[in-house]
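Accompanying notes for the structure given below.
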Amino acid sequence: MGSYYGCFDWASSFYDYSRAIPDDLMKKTVETIQKNVKIHSNSKILEIGVGTGRIAIPLSRKLKKNTIGMDTSEKMLQNCRKKTISADCIQLIVADGLSLPFSQNQFDIILTCHLLHLLPDVFQFIEKMTPILVQRGYFINLEAYVDYHQTIPFEIYYGKLAEAGFRHIHRGDLARRNLIIYLTKRGWNHINYKFEGEREISLNDLVRFIRNRVFSHQRAISDDFHQKSLEHLYNEIERNDIDLSKKVLAPAISRCNIFQQRS
Ligand SMILES: C[S@@+](CC[C@H](N)C(=O)[O-])C[C@H]1O[C@@H](n2cnc3c(N)ncnc32)[C@H](O)[C@@H]1O
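The structure is reproduced here in structure tokens:
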């Protein structure tokens with residue numbers, strides 16, 4: 005299956021549909037940034053791991069600010085480019101967040117969303133990212149996702165995996181906690197917000213997500229484990245006569261952690 009980390013070329017064709025969160029949650033997240041971050045006429049924003057622009061596009065439209073999006077995946081960036089309109093001031097570049105191609109004091113806001121859990125060393129990333137922020141600049145870390153784990157297909161599939169000894173480690177939770185400890189100990193101001201909503205989705209789509217291993221942590225499951233759990237899932241669907249056209253509600257979450265350097 006390739007590496008668990010890094011480049012998302014593999015995900016580009018299904019990323020937006022599988023990661024979609026409700027519009028109102030996205031709106032609250034963008035408005036929270038607008039309300040809590042001091043933005044001036046020349047403010048420059050960088051999103052590292054911008055992907056398909058799920059966050060960067062609505063954010064730069066709302067703030068009307070120049071934004072650079074960088075990513076290691078050219079295919080994710082291609083999808084982002086397709087969604088931008090001529091009025092958008094978004095520049096996209098292929099580059100690695102651990103080897104930032106910028107000089108010091110370049111950006112007023114640096115943003116990451118669902119990047120930190122993919123990096124081998126979050127602290128190394130912070131050390132490299134901090135110098136390119138202006139003094140009293142902002143670092144914003146977002147998580148905006150739908151938690152599918154309590155839906156029937158995910159419960160059956162992961163239940164079987166758990167029996168076989170597979171444990172899903174929430175690297176994102178760990179990365180967020182480490183980040184908060186690390187930056188607040190170094191004197192950064194910190195505020196955080198959490199918004200909750202729901203996404204309606206068909207059981208069919210959920211089974212498809214599982215079958216196609218659309219989430220990065222699923223890439224750590226061996227082909228053999230995956231196949232056995234998938235067969236178990238299909239058997240359970242048949243045995244319990246589950247109607248896959250049925251829609252269910254899954255919780256959607258947006259966490260917004262805003263850090264500002266003290267002078
Ligand atoms: C889970 S996606 C998040 C995309 C977008 N931020 C969002 O929330 O929809 C992670 C993105 O980070 C990119 N990525 C992973 N490691 C990276 C690195 N070291 N430097 C830059 N981008 C990276 C991947 O290619 C992918 O597009």
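In my numbering, the protein residues as written are 5 to 267. All residues carry an ideal CB built from backbone N, CA and C; glycine is no exception. Keep in mind the model is a prediction, meaning the values are calculated, not measured.
C-alpha distance - residue i paired with residue j, whole-angstrom precision
i: T56; j: W14; result: 13 Å
i: F263; j: C84; result: 26 Å
i: D92; j: A168; result: 48 Å
i: R223; j: S45; result: 43 Å
i: V34; j: D151; result: 20 Å
i: T134; j: C117; result: 17 Å
i: D20; j: K68; result: 23 Å
i: Q108; j: I130; result: 14 Å
i: I241; j: Q128; result: 45 Å
i: Y254; j: S267; result: What sits at residue 254 in the sequence shown is Ala, not Tyr. Cα-Cα distance, rounded: 42 Å.
i: R171; j: I225; result: 10 Å
i: D177; j: F106; result: 29 Å
i: Q139; j: Q154; result: 43 Å
i: P124; j: D209; result: 31 Å
i: S7; j: R175; result: Its pLDDT being 47, under 50, S7 is placed unreliably in this model, and the coordinates cannot settle the point.
i: A179; j: V126; result: 7 Å
Residue i Cβ short of 7 Å to ligand 1 heavy atom set
i: G176; result: no
i: F12; result: yes
i: C260; result: no
i: I59; result: yes
i: D92; result: no
i: I130; result: no
Beta-carbon proximity check, residue i vs residue j, cutoff 8 Å
i: L234; j: R215; result: yes
i: L63; j: F111; result: no
i: K132; j: L104; result: yes
i: E204; j: K251; result: yes
i: L248; j: V218; result: no
i: L207; j: I144; result: no
i: Q265; j: L119; result: no
i: A148; j: I25; result: yes
Supposed close pair residue i, residue j - CB separation, criterion 8 Å
i: E200; j: A166; result: Contact flag wrong, Cβ pair sits at about 26 Å.
i: L237; j: Y161; result: 5 Å
i: T71; j: I94; result: 5 Å
i: K79; j: S16; result: 4 Å
i: I87; j: I59; result: In the sequence under discussion, the amino acid at residue 87 is Lys, which differs from the Ile named in the question. The Cβ separation is near 12 Å, so there is no contact.
i: N196; j: R259; result: 7 Å
i: S90; j: F12; result: So it is not a contact: roughly 26 Å between Cβ atoms.
Residue of the options minimising C-alpha distance to residue i
i: K66; options: R85, S249, K31, G73; result: K31
i: S220; options: L29, L122, N239, K42; result: L122
i: L183; options: N239, L146, D227, K232; result: L146
i: D100; options: L81, D75, W192; result: D75
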